Structures are given as structure tokens and as C-alpha cells.
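See below for the structure under consideration.
In full-length UniProt numbering, the protein residues as written are 1 to 924.
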């Protein structure tokens, strides 16, 4: 603090009678004199009476600098800061996330608005710069900090600041604790953030009281922490900061096109609209513990995508409706957003004006009110029917998107009566035998006279959301047709929940079940045709939690990938992509596609995870005298049991495949009675064996047959899975059996039978060759199985290596395995019959059996031959090394989940290494 001698003070006092207080203060300050307390009071009165008091939040953002005087510091920190210093549009270059084309960029243009809140009385009266904040030095500090950030980013090969939020937080700390400002508001704008928007910005206001040291220690009012990253990293945001609760995300001039207006030309041609959004989203102090950490990232890209899809699909007549719709989309996009200011402008509306538009401000309370039906549909027309609401929103009809141009909301001419409705259900369970509960629920629903089961999804194991201290869920989705109204259907689904064993929401003794807690069964109505149903809290369709729940969207995408949400305008597949590909998505790996191989005893057989970290091993146990490779090796119960024990104990086999009739090319058929006589005693012995059927580790057994009578006898003896080399062609009743018993079934591709298949190995007429032909024919097999009532989650596909394929065809098929089950977006999503299931092969599990096949022997024999024109005959049992190469290729394809082999122990080693290369290393 600067002081003067007593003589100086007395001189000033004596001259006060001839000088004004303002002149007196100016003289004192120019001489670096500390005025007396009475003079300071007089000075403050004069200063504050000469201008109106302005709340800092009402001013435009301006950077300020705190006075170096201790008295001024104390006054500024304790009183309202009525003034501000500002530096608008400071240009910076920093590595910061991705650019408008979603590409990582080493440097991006950033525009920074700095507003420092202060009291400029002392500097204004004295006209003396040291009593203010030197904005030139402040800018140099910011630029030096950014240069250090660029250097550090280059050195560590990744950005120090990963987004606008972390940049704003870091610069706020620098200005507050490196330059001494008491309070600052920053707006960080990224001008190349979005392809169709002028800019994206984050606005934060912070003061010194918003931070603590990492240790929890308070920071003194006048203390400067430092300007380097290490010093600033020692500061963390205070939990519950009132300033952080006012953080904003701003999207400026998102330029889109849509049908909007009441005039006839406006109903024909799309016109340009400009959307401006300001979202208030409280920051989370938990994520702001370092100089470079952000309060809580906002995914502006997915928000802009959601708003774009909604606006461009809309056909509103009024800009007011569109503005409210945009506000609703923004609030639904992020549950943490407290309020949104949405502005929509029509640049072409008025000839002699820049634009005409509407601006609305809405918050969570409004969203809850419209969700409970208190205000009716968002378009403001209370009592409007669901079709009218959809028409006003201008979204594409979901049925058209999901089923192609033949479908319509009336469903006339596509197989369903006009009184029937298409409905999607979500099912979940995390108590008891979960898969059995879900299957039982679908059984009860299908038995209802007003309900028909059309399609089912895969089964998914899901880590709990919301209430996390509970067992893992199994989730699925189903598509039904019904003549019931939405409320009547809700009553039926709730009745099914109780029948399966779900406890009432409130027990007789008054104990309530947690809303998101454990349950035997949960059935939700997700979709009802293309309607929007609002029945208060009791029923909301589409289900309001759908866009944020992967465990709902992923099963739904299996059966209705092209259905369009009537509010957001996104398809199910798009909603899933938006959710799971968001940069801040925390649920990666929480939802896994699974199968319960032992559906009657899930806890004993465990769950098989498809596309997991491990390829499953199926051991071949042929109880036949004439199999091409091991005929007679396992003939008889004792021999089969010995082999099975060895496979389990030495090879750690995942499933045993028992066969009683050879299906190799040229093999002769045996009677059903003989086949049953061969396999049933073996299966019964395996089920009584303490190694194969150990307590808590029940090795699943599959029955290799295409006959329904044999399959039933084997399943009754203790088998779990049907392995049909004809995929139900030879005996369609086998599909009905699998549906009836709820057991998994392997559908293998083949043509003809053992006597004719070699003559049918021609795929030249197929566009795409053998891979395309196999895929097309497997689609028909899947459709037949689903129509027979087999659940999608109980289907495994086998491309049929060695069945109706020559050597070259087998090689092409092995090389093209990834194409068999690859998703086919677009046309396939719209080609399903409304009354039939979706039979595309997306994501189906694959089982492949290359073991000891003839093509392996041919290739090995060619390699052994010294004469290029001759091939050495290689016996089947000498083809293990060649089989190992084929098995590695299967694992390397990334789509094979099970391999069927003879040499179990050896192939287990091969799979272990291949999994390490192709599965686990690929995920790390």
C-alpha cells in the first residue's frame, strides 16, 4: 500500500477549502497518496451518483482487471461490481476437438469475448492506469497461455483442452488467479464447429469464490496463484457454485430448410430458416478439478443433428409452433438442461426486413407439464388427434419408413385388418430365470385373442441404469399386432407382469418397489402405430425414455430399424447411432448380445455372449459307424462318454454336438428309430455324468439332426440345442418344436440332401457369387423360423462349409464371412411385410464347421505334392493343421462366434491365440 508523510496529508487538508473533492482525489491519486477514509466515502458518493447502477449480468461480456490497491480490492470484492472492461472477439488458434466436417484438426479458430467485472471509480477519477486492470497485459497473458497449450498439445500428441467448456474453465482460472480479476465472464466461440451454423459458443461467469484448492483450502481475496498450468491445476470448482449453474451453450444461426407458413407457395417449397439456441445447463463440480478439465461437456453436435432432423422434417404453418418444437427437442436431448431459449427466424418472410421470427424461453417445468398432458401437444392445439399432431410436425410416417412404400397408417392391403395396430414392446428382467420370464411373457401375450406376436429381437444383457445396485438385466423387444386400444393394451401388459411374478408396486404391507429397482418382469409399450399418445403419467407413447436408453433402442433396432420417431424425426437406427456415438456417452459396453443355451436352467448353463472376447468351441461327438472323419470312434455309450469327458476336461469345450446319422455327401440315411437308439442313451449318460454335467457348470448339448421326432426325443433326454443341417427344409415341424420348447436352433445352409448336394454347388448365376447366394437362402430360412415362432435370440446361423459348395466356393465363403451378417442399411429396412418378421441377417451369431473337411484335405494334399499335377490324398484325421488355419480365419473374420471341431484340445489352443490377436487386441 502506498503512503505519504504527515506533512503531505496536512497540506492536502489545508487546501481542501479551495479545491473540489474530485480535484482533491485526483491530486492524491496522482501523487500515489492513499486518501483518508472520509475522502474515500465522499469520492464513492460522487462516483456512484454520477451513473446508474448496472448489474454485471445485464452488461455485454467485457474483460475486467482488478485494481492493485488493497483498498480497491476489498471494496470491489465486497460490493456490487457495477462496471466492466471488455475485449470482444479476441482471435485465438488452438487444437480443440473436431472441425465442422468431424475431422480432428491440429488448429482451429477460436473467438473469445472477455468481460471483467470491476469498479473503475479509482482509475476513472484519477485517470491513472495502475489503479485499473491493464487489458493489454491481460490479452498477452491469455495469448501466452494459449501458446503454451499449443506446445503442450504438440508434445503429448493430444489436445490439452478437449472442448469449449474446458477452455473456458482454464481461461477463467488464468484471469482470476493469474491476473487478479475479481470476476469474469467469458464467451468462447468455435466458428468452425458445425457445417451449417455460424458458430457454437460456451458462456461462463466465474468469480474467485467459485474455486478452492484441491486440498479444500480457501484462497485469499488478493492472492495470485500463478499463470502456468501446474498452478491452475491445483484449483477446483466449488460444488454448488451459483455461477456454474448459469453456464450456457449457444448455437448461432443454424441454417436449415423446411416447409413453414400458411401461404400456398410456402406449403410447396422449403424455405430457409435460422435457428438460434441458448441452453442453460448447470456445470458439475465433480468434473472441474484441474486447469484443463471442464465443468461438464455439452454435445452440441448431436443436439444440432437432432434439431436439424426435426426442423427439416417439419411442416408447421406457424413459426411459433416450430420454435416450441425446437425448444422441446433441445430439452429432451439433455436431461441436465434447465432452460432453453429458442429463436427461429424466416429471412424470406418480409420483403423490407431482414427476417421475421419467434423467440421462446422454456424450462423443465414446461416439459413436465406437456408430458403430463396439462397443455396438450407441443403444437399448442389442445385436443388434437395424434395424426393431426404428426401432420403439424411434418414427420415422415413411421410405417412408411419402416416397411416401405406399400405400408400406410391404415395398413389396408398389406395383410392386417384396418382395425389392427402395430405395436413395439420392450421387455426386461433381472430376477430369477430372466430369459424364461421374458419367454413366458411373450407366450402369455401371444395367447391373448386380440394380440398376435410378429417378431422378436435378440436378447441383451444390460448393466443397470439409474439404480445401479441390482443384478444385471436381460432385455428384449417384440413387435405385435393388436386390436386393443393403448390403455387396454397397457392393462394387459401389466396383468402379464403380475402373472409372471412381478410384485405389485405397493405390497399389502405398504412397502413400495423402487421405480427403477429389481423386477421379475417389466413390459413397456414403446410404439403404437405412428401415434403420439399422452395419458398423463400413466402412459406416454412413444415411450419418453427411449432416446436415452441403449437397452431399449438396440433390441428395437433388430426388428424396426427404420421406424421414425414422430417427435424427433429420427429413425430407430439413427437414434441408436446418435446415442452411442456421442463423445460423452458413458454406456459403451453396457449392453451385450447374449443367448441362454440352457433356457430351462439359465443359472446352470450361463449366458453366451456374441461378439465377445472369446470364440466358443463346439465338440463333435458322432455316435455313428459311418461319419466321414470319426465314424465308429464314439459308437456306444462308453466310448462317447469317454470322449466327452476328455473334451470337457482337456479342451474346455463349450457345447457337445451329438449326432446319430452321417450327413456327409453320399452317406446313406438311417431310420428315425435307429437314429434315436444311437443318440438318446448317449445324451442321458452325459446328463448323469459328474464331469459333463457338473454342479454349477452344465455343459450344453446339441442334437445334430434334421428330424423333429429325433430332436424331441433328444431334448427330452437332456439336450439343449437343435443343430439342423437343412435349416428346417427337410422337416418344417422341427421349427415348430423349437418354438414350442423355446430352445436354440442352428440353421445351416445346404441344398438337396446327402445324395444330391454335390450337384447343387453352383452359384454362378448369383450376383455376388457363393456369399450372396448363401446369404439370400439363409434369409429365407430365418424368415421361416421366425414365422414359426422361434425367437430371434434362439437362432444361430451356419453357412454350411462343405455342404453344396466346391473347394473354391468354400474358400470364397470363408473369406467373405463378414458379408453374411453385415448390416444392410437403406433398402432392406423398408422391404419387410407389415405382418411378417424382419428377416435380414444383421448381427446374427455364426457357427462355422471347417473341421477336417474335404477342401482342407485338398489344400494340404496340394501343398504336400511334389508334382503340381497330382494331389496327395490326406486322410481326414491328418487334417488338424489345415483345420487350424481355417479356424484362425473364422476367428479373424470378426463375425464367427462358434467353431465346430473334432480335435477339441488342439483347436482350443488355436482359438486362444487367435482370440488374443483378433478379438481382445482389436478392442484394446
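For every residue, glycine included, the Cβ atom is placed at its ideal position computed from N, Cα and C. Quick caveat: nothing in here was measured; it's all calculated off a predicted structure.
Measure the C-alpha to C-alpha separation of residue i and residue j and round it to an integer number of angstroms.
i, j, result
"residue 824", "residue 916", "29 Å"
"residue 527", "residue 425", "7 Å"
"residue 821", "residue 539", "36 Å"
"residue 535", "residue 461", "31 Å"
"residue 389", "residue 530", "Note that residue 389 scores 29 on pLDDT, short of 50, meaning its location in the model is unreliable; the coordinates nonetheless yield the value given after this. Each residue's Cα considered, the two are about 11 Å apart."
"residue 693", "residue 653", "12 Å"
"residue 278", "residue 331", "11 Å"
"residue 453", "residue 593", "21 Å"
"residue 799", "residue 748", "6 Å"
"residue 918", "residue 886", "14 Å"
"residue 771", "residue 819", "7 Å"
"residue 697", "residue 256", "59 Å"
"residue 464", "residue 503", "19 Å"
"residue 976", "residue 671", "Only positions 1 to 924 of the chain appear in this structure, which leaves residue 976 out of reach."
"residue 484", "residue 532", "16 Å"
"residue 321", "residue 276", "15 Å"
"residue 200", "residue 300", "8 Å"
"residue 262", "residue 547", "32 Å"
"residue 25", "residue 181", "At residue 25 the pLDDT is 42, less than 50, meaning the model places this residue with poor confidence and gives no usable figure here."
"residue 309", "residue 258", "10 Å"
"residue 782", "residue 553", "22 Å"
"residue 695", "residue 755", "43 Å"
"residue 78", "residue 142", "Its pLDDT being 38, under 50, residue 78 is placed unreliably by the model, and the measurement read from it follows with that caveat. Answer to the nearest angstrom: the Cα atoms are 26 Å apart."
"residue 612", "residue 162", "31 Å"
"residue 477", "residue 436", "15 Å"
"residue 338", "residue 583", "21 Å"
Give the range of the alpha helix (DSSP H) segment to which residue i is assigned.
i, result
"residue 173", "164-177"
"residue 359", "Taken as a continuous stretch (DSSP letters only), residue 359 belongs to no alpha helix (DSSP H), being part of the beta strand (DSSP E) at 356-363."
"residue 855", "854-864"
"residue 810", "807-815"
"residue 577", "572-580"
"residue 471", "Counting along the chain, residue 471 falls outside any alpha helix (DSSP H), and DSSP gives it neither H nor E."
"residue 89", "Segment 83-94 is the beta strand (DSSP E) holding residue 89; no alpha helix (DSSP H) there."
"residue 487", "486-500"
"residue 138", "135-156"
Where DSSP assigns a beta bridge to residue i, which residues make up the other side?
i, result
"residue 250", "201, 278"
"residue 189", "111, 201"
"residue 258", "271"
"residue 478", "425, 456"
"residue 704", "659, 723"
"residue 592", "461"
"residue 533", "541"
"residue 117", "84, 183"
Please list, in chain order, all residues of the same chain as residue i whose beta carbon is under 7 Å from its beta carbon, the five residues on each side excluded.
i, result
"residue 751", "757, 760, 804"
"residue 304", "194, 197, 251, 254"
"residue 360", "323, 324, 327, 342"
"residue 711", "703, 705, 722, 734, 737"
"residue 741", "715"
"residue 739", "788, 789, 790"
Do residue i and residue j have their C-beta atoms closer together than 8 Å?
i, j, result
"residue 651", "residue 617", "yes"
"residue 456", "residue 792", "yes"
"residue 802", "residue 855", "yes"
"residue 521", "residue 492", "no"
"residue 92", "residue 146", "yes"
"residue 224", "residue 178", "yes"
"residue 313", "residue 569", "yes"
"residue 237", "residue 210", "yes"
"residue 615", "residue 911", "yes"
"residue 621", "residue 576", "no"
"residue 744", "residue 595", "yes"
"residue 837", "residue 795", "no"
"residue 525", "residue 497", "no"
Here's a check: name, in chain order, each residue in its chain whose Cβ is nearer than 6 Å to the Cβ of residue i, leaving out the five neighbours to either side.
i, result
"residue 719", "683, 701, 703"
Just to check, is the beta-carbon of residue i closer than 7 Å to a non-hydrogen atom of the ligand ATP?
i, result
"residue 569", "What this structure holds is no ligand at all, so the ligand ATP is not there to describe."
Excluding five sequence neighbours on each side, which residues of the same chain lie with their C-beta closer than 8 Å to the C-beta of residue i?
i, result
"residue 636", "623"
I need the boundaries of the beta strand (DSSP E) containing residue i, first residue and last residue.
i, result
"residue 619", "616-622"
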